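Residue numbers (the working numbering): 7 to 202. Glycine included, each C-beta is placed from N, C-alpha and C at the ideal position. Fair warning: this is a prediction, and the values are worked out from it, not measured in the lab. Here the structure is laid out as structure tokens; the discussion comes afterwards.
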Amino acid sequence: MTAQDLTAETIVDFLGSIFDRRGTEEYLGEPVTMGEHMLQGATLAEQAGHSDEIIAAALLHDIGHFTSEFGTFTMNDTEDRHHEDAGAEVLERFFPSIITDCVRYHVAAKRYLCATRPEYMRRLSEASVHSLNLQGGPMSEAEVSAFQSNPNLDAIIAVRYLDDAGKQDGMDTPDFWHFAPLLQRLVDQHCNPVAI
Ligand code: FE
7 MTAQDLTAET
17 IVDFLGSIFD
27 RRGTEEYLGE
37 PVTMGEHMLQ
47 GATLAEQAGH
57 SDEIIAAALL
67 HDIGHFTSEF
77 GTFTMNDTED
87 RHHEDAGAEV
97 LERFFPSIIT
107 DCVRYHVAAK
117 RYLCATRPEY
127 MRRLSEASVH
137 SLNLQGGPMS
147 EAEVSAFQSN
157 PNLDAIIAVR
167 YLDDAGKQDG
177 MDTPDFWHFA
187 PLLQRLVDQH
197 CNPVAI
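Put into structure tokens, the structure is as follows:
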């Protein structure tokens with residue numbers, strides 16, 4: 007199945023199948039797998055009483071690492087696709103923009119926080135500091151003020167902190183399917199608002 011074939015009825019199962027089949031892949035340089043990483047973020051969001059949108063965004067923020075699932079790569083591509091864009095692209099038909107913004111800008115949020123909160127960079131994992139440099143380093147002043155105009159800024163920052171927190175060796179979490187009803191509710195609200 008490609009991203010184009012997905013519907014409001016199949017998207018949640020499709021996302022779950024990615025966790026089931028590929029969630030055990032390594033998260034380079036971190037003590038957790040990719041699946042554990044995203045489940046930890048979502049579990050921490052739930053425990054902290056965050057909104058459904060924040061929980062969903064934490065759960066799905068790195069889904070674009072599995073880009074081959076979405077058929078996004080073509081031989082015409084001239085450069086690597088950024089995983090945050092790939093993830094947001096597959097989600098945007100089914101989820102509200104607050105969620106897709108959190109996904110699309112979770113890398114930018116790291117660059118933003120490094121520029122605006124000096125203590126933030128000290129707390130980053132070694133792998134995250136390394137990727138920061140590949141991602142362009144801390145934002146410039148102009149980039150910071152442009153970023154601050156995003157209406158979903160607070161949610162984007164909240165998900166970034168959950169992303170950073172979800173790298174704990176041995177943390178217990180429920181599996182993906184615990185969050186499936188919450189995701190389906192959000193999809194239904196977005197795709198079929200009149201019927202709710
Ligand atoms: Fe992440």
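With DSSP as the reference, label residue i as helix, strand or coil.
i           : result
residue 32  : strand
residue 106 : helix
residue 10  : helix
residue 64  : helix
residue 44  : helix
residue 53  : helix
residue 136 : helix
residue 178 : coil
residue 112 : helix
residue 78  : Residue placement at residue 78 cannot be trusted, given a pLDDT of 47 that sits under 50; what the coordinates show is reported in the next sentence. Coil at residue 78, not helix or strand.
residue 20  : helix
residue 27  : helix
residue 99  : coil
residue 15  : coil
What does DSSP give as the partner residue(s) for residue i in the beta ladder?
i          : result
residue 39 : 32
Applying the criterion that 16 or more other CB atoms from any shown protein chain within 10 Å of the CB defines a buried residue, is residue i buried or exposed?
i           : result
residue 56  : buried
residue 63  : buried
residue 10  : exposed
residue 169 : buried
residue 71  : buried
residue 43  : buried
residue 172 : buried
residue 27  : exposed
residue 93  : buried
residue 117 : buried
residue 129 : exposed
residue 176 : exposed
residue 90  : buried
residue 30  : exposed
Could you spell out the range, first to last residue, of the alpha helix (DSSP H) harbouring residue i?
i           : result
residue 155 : Residue 155 -> no alpha helix (DSSP H), and no H or E assigned at all.
residue 69  : Segment: none, residue 69 is in no alpha helix (DSSP H) and carries neither H nor E.
residue 125 : 124-129
residue 191 : 182-197
residue 172 : It is not in any alpha helix (DSSP H) - residue 172 carries neither H nor E in the DSSP assignment.
residue 143 : Unbroken run through residue 143: none, as it is neither H nor E.
residue 88  : Note, residue 88: premise wrong, no alpha helix (DSSP H); not H, not E.
Taking 7 Å as the cut-off, is the C-beta of residue i nearer than that to any heavy atom in the ligand GDP?
i          : result
residue 91 : By its list of ligands, the structure shown excludes the ligand GDP, since it contains just the ligand FE.
State whether the segment 29-39 contacts the segment 193-201, with contact taken as three or more CB pairs (one from each stretch) at a distance under 8 Å.
no
Determine, using beta-carbon pairs with one atom in the segment 7-22 and one in the segment 183-198, whether at least three such pairs fall under 8 Å.
yes
Taking contact to mean at least 3 C-beta pairs separated by less than 8 Å, is the segment 128-146 in contact with the segment 91-104?
no
Report yes or no: do three or more beta-carbon pairs, one from the segment 148-157 and one from the segment 42-60, lie closer than 8 Å?
no
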